[in-house]
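Below is one structure, written out as structure tokens; the observations come after it.
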Amino acid sequence: MFETDEVIYSRYLAEHDEKDFRILLERYREGLTLFLMGYVHNMEDAEELMLDTYAEVAAGAHFSGKSSFKTWLFSIGKNLAYMRLRKRRFTFKEPEEWMDEEADPPEFDILKEERNHQLYQALSRLKEDYRQILILLYFEEMTHEEVGKVMGKTKKQTYHLADRGKTALREVLERMGFDYAQYG
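So the sequence shown is residues -3 to 180, counted in the numbering used here.
Below is the structure:
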């Protein structure tokens, strides 16, 4: 029987069973790391933020139940990323600076297939809001309501942002020479 994240987290808080915590970690660590990479543009920092996010969860951060566990988790990660960026006065790099198309950096372990590699390159060239919404909707399979809570947008704004993001992604992929005909 599949247990919800909320049930597992409640049990973890009550019993401090590491098995419950590991289940939650395994479910979301890769997606959360990819999402956080969109903020810090560095895999090492994104992984550290992912661990910091889970440290907050392990410490018993208050989960109100107003959203799903996943939405709450990604919101914690986003807030930690913003705090880190403010602390460090981090300067954002252009995608070309942090994405070496010739090399196969460790972050591509997440996205092994060539088509996903191209998609990830294209996503890295999008505006931050477009990249975030597409990752949350299509990689993390969140609903528009959940994405709105993570990004601080209304449901209507998420639909408009997703449409603009998909259009921008299609344009970037076309400039990269992506052939839609071969995929269907």
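Each residue gets a CB set at the ideal place from its N, CA and C atoms; glycine is no exception.
_Given a cut-off of 9 Å on the beta-carbon distance, is the pair LEU130 and LYS162 in contact?_
As a working note, residue 130 is residue 134 in the sequence shown. As a working note, residue 162 is residue 166 in the sequence shown. Yes. Within cutoff.
*Check each candidate in ARG18, ARG127, GLU11 and THR0 and name the one with the smallest Cα separation from ALA51.*
Looking up residue 51 in the sequence shown gives position 55. Per the Cα distances, ARG18.
*Per DSSP, what kind of secondary structure is LYS183 in: helix, strand or coil?*
The chain is shown only over -3 to 180; residue 183 falls outside these bounds and no answer can be derived.
*Which residues mark the beginning and the end of the alpha helix (DSSP H) in which GLU142 is found?*
In the sequence shown, counting from the first residue as 1, residue 142 sits at position 146. Looking at the DSSP string, the run of the alpha helix (DSSP H) that includes GLU142 is 140 to 147.
*Going by beta carbon distance, what residues of the same chain come within less than 7 Å of ILE4, once the five residues before and after it are set aside?*
For this step, residue 4 is matched to residue 8 along the sequence shown. So the list reads ASP16, ILE19 and LEU20, once near-sequence residues are dropped.
_Cut-off 7 Å between Cβ atoms - residues of its own chain near LEU45, not counting five sequence neighbours on either side_ = Against the sequence shown, residue 45 aligns to sequence position 49. Counting only Cβ-Cβ distances below 7 Å, and skipping sequence neighbours, we find LEU32, VAL36, GLY73, LEU76, ALA77 and ARG80.
*For MET147, does the count of other Cβ atoms within 10 angstroms reach 16, so buried, or fall short, so exposed?*
As a working mapping, residue 147 is identified with position 151 in the sequence shown. That one is buried.
*Top-ranked residue by Cα proximity to LEU165, from TYR155, LEU132 and LYS123*: Indexing the sequence shown from 1 puts residue 165 at position 169. Minimum Cα distance to LEU165 is reached at LYS123.
_For a quick check, are the C-beta atoms of LYS145 and THR29 less than 9 Å apart?_
Mapped onto the sequence shown, residue 145 falls at position 149. Mapped onto the sequence shown, residue 29 falls at position 33. Not a contact, by the Cβ cut-off of 9 Å.
*From what residue to what residue does the alpha helix (DSSP H) around ILE4 run?*
Against the sequence shown, residue 4 aligns to sequence position 8. 1 to 11 is the span of the alpha helix (DSSP H), which, as asked, contains ILE4.
*Just how far apart, CA to CA, sit GLU(-1) and TYR8?*
Locating residue -1 in the sequence shown gives position 3, where the first residue counts as 1. Locating residue 8 in the sequence shown gives position 12, where the first residue counts as 1. Approximately 13 Å between the Cα atoms of the pair.
*Assign ALA42 to buried or exposed, taking buried as 16 or more other Cβ atoms, counted over all protein chains shown, within 10 Å of its Cβ.*
Position 46 of the sequence shown holds residue 42. The residue in question, ALA42, is buried, as its Cβ has 16 or more Cβ neighbours within 10 Å.
_Proximity below 9 Å, CB of ASP1 to CB of SER60_ = The sequence position of residue 1 within the sequence shown is 5, counting from 1. The sequence position of residue 60 within the sequence shown is 64, counting from 1. Contact: no.
*What separation, rounded to the nearest whole angstrom, lies between the Cα atoms of GLU14 and MET172?*
On the sequence shown, position 18 is the one that residue 14 refers to. On the sequence shown, position 176 is the one that residue 172 refers to. Looking at the two C-alpha atoms, the distance is approximately 45 Å.
*Hey, would you say TYR126 sits closer than 9 Å to LEU157, going by beta carbons?*
By 1-based counting over the sequence shown, the position of residue 126 is 130. By 1-based counting over the sequence shown, the position of residue 157 is 161. Yes; because the gap between Cβ atoms is below 9 Å, this pair is in contact.
_Cβ-based neighbour list, THR87, same chain, cut-off 8 Å, excluding 5 preceding and 5 following_ = For the purposes of this step, residue 87 is taken as the residue at position 91 of the sequence shown. With a pLDDT of 44 at THR87, under the threshold of 50, the predicted position of this residue should be treated as unreliable, though the coordinate-derived value follows. Excluding residues within five positions, none has a Cβ falling inside 8 Å.
*Return the CA-CA distance between GLU11 and ALA54, expressed in angstroms with no decimal places.*
Walking along the sequence shown from the start, residue 11 turns up at place 15. Walking along the sequence shown from the start, residue 54 turns up at place 58. Distance between the alpha carbons of GLU11 and ALA54 is about 12 Å.
_So, under 8 Å CB-CB, GLN114 and PHE174 are touching, yes? Tell me the CB distance rounded to an integer number of Å._
Residue numbering aside, residue 114 sits at position 118 when the sequence shown is read from its first letter. Residue numbering aside, residue 174 sits at position 178 when the sequence shown is read from its first letter. Between PHE174 and GLN114 the Cβ distance is about 6 Å, and since that is below 8 Å, they are a contact.
*9 Å Cβ cutoff met for GLU136 and GLY27*: By one-based count along the sequence shown, residue 136 stands at place 140. By one-based count along the sequence shown, residue 27 stands at place 31. It is a contact, given that the beta carbons lie within the stated cut-off.
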